[in-house]
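Notes to accompany the following structure.
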Amino acid sequence: MGVLVLFWVGQADLYRYPEDDSEDYEPRTYRDSRGMECHRCCDTGEELPQNRRVVPHINITILKGEKGEGGVRGPYGKSGRTGHVGPPGPPGVKGVKGSTGSPGEPCKGHYAAFSVGRKKALHSSHYYQTLVFDTELVNLYNHFNMFTGKFFCHVPGVYFFSLNVHTWNQKETYLHLMKNEQEAAILYAQPSDRSIMQSQSLLLQLARDDQVWVRLYKGERENAVFSDDFDTYVTFSGHLIKAESEG
1 MGVLVLFWVG QADLYRYPED DSEDYEPRTY RDSRGMECHR CCDTGEELPQ
51 NRRVVPHINI TILKGEKGEG GVRGPYGKSG RTGHVGPPGP PGVKGVKGST
101 GSPGEPCKGH YAAFSVGRKK ALHSSHYYQT LVFDTELVNL YNHFNMFTGK
151 FFCHVPGVYF FSLNVHTWNQ KETYLHLMKN EQEAAILYAQ PSDRSIMQSQ
201 SLLLQLARDD QVWVRLYKGE RENAVFSDDF DTYVTFSGHL IKAESEG
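Throughout the sequence shown, residue numbering follows the UniProt record's numbering, covering 1 to 247 in sequence.
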């Protein structure tokens, strides 16, 4: 806001004594002859001269001028401090489907299988006997130990096993299919006047280092498995159905 300054402008010739009769001057006489004089607070109340006017005084330093030309662009300022991490933005638009990648490496297969036979007959004794085999038909990766008569699990998963034997006339046939030291299944045939082929099969879930084998029951009664040293009457087989790693 500007400041308006008012001041009085009087007559050009200020009230002064006449140069020729200053000594003989009398205030009242001179006033009467000239019709005007300086007016002070001590004078009698008479009207002030009317030849004055009000002149505005404007402070030009506050007036807004015209817009000047743009200056030269200044240099870049220093980098500010790193701000706080903002909230996650909204999900973006779904992108275009990518191209087909190169083929991956073939999946490593898991296999385990065996099939063994026995040509010698076996009779019970006063203790349990492990049924060992003398004929190796299939023994993939040697997971079946021909010396101990046991299959050792190297690939955890589900396995199928089957046991086939030939019974002996007038004798009982009594065997267990074992998982480690537990009886998993029994193969049994009562004494009869004639011999028959008897079989047992099952699925087992095996962990690594589990063992599967066949045990002849101890001789509380006469118990035997028939064979004639020429043909394979007894067989024991097993294979992996599904590896545990396949889900």
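Built from N, CA and C at the ideal position, the CB exists for glycine as well.
Query, Result
"Reducing DSSP to helix, strand and coil, say where residue 187 ends up.", "strand"
"For the stretch 198–209 and the stretch 126–136, state whether three or more C-beta atom pairs, one from each stretch, are separated by less than 8 Å.", "no"
"Give me the Cβ distance between residue 187 and residue 159, rounded to the nearest whole Å; I'm assuming they're in contact under 8 Å.", "At roughly 17 Å, the Cβ-Cβ gap does not stay under 8 Å, so residue 187 and residue 159 are not in contact."
"Can you tell me where the beta strand (DSSP E) with residue 243 in it begins and where it stops?", "234–243"
"How about residue 252 and residue 110: do their beta carbons lie closer than 8 Å?", "Outside the shown range of the chain (1 to 247) lies residue 252, about which nothing can therefore be said."
"Could you give the first and the last residue of the continuous beta strand (DSSP E) run that contains residue 138?", "135–139"
"Would you mind giving the Cβ-Cβ distance between residue 235 and residue 115, rounded to the nearest angstrom? I have them listed as a contact below 8 Å.", "7 Å"
"Would you kindly report the start and end of the unbroken beta strand (DSSP E) that includes residue 168?", "Neither: residue 168 is in no beta strand (DSSP E) and is coded neither H nor E."
"Pull up the CB-CB distance for residue 238 and residue 151, whole angstroms please, since I reckon it's below 8 Å.", "6 Å"
"Which first and last residues belong to the beta strand (DSSP E) in which residue 113 is found?", "113–118"
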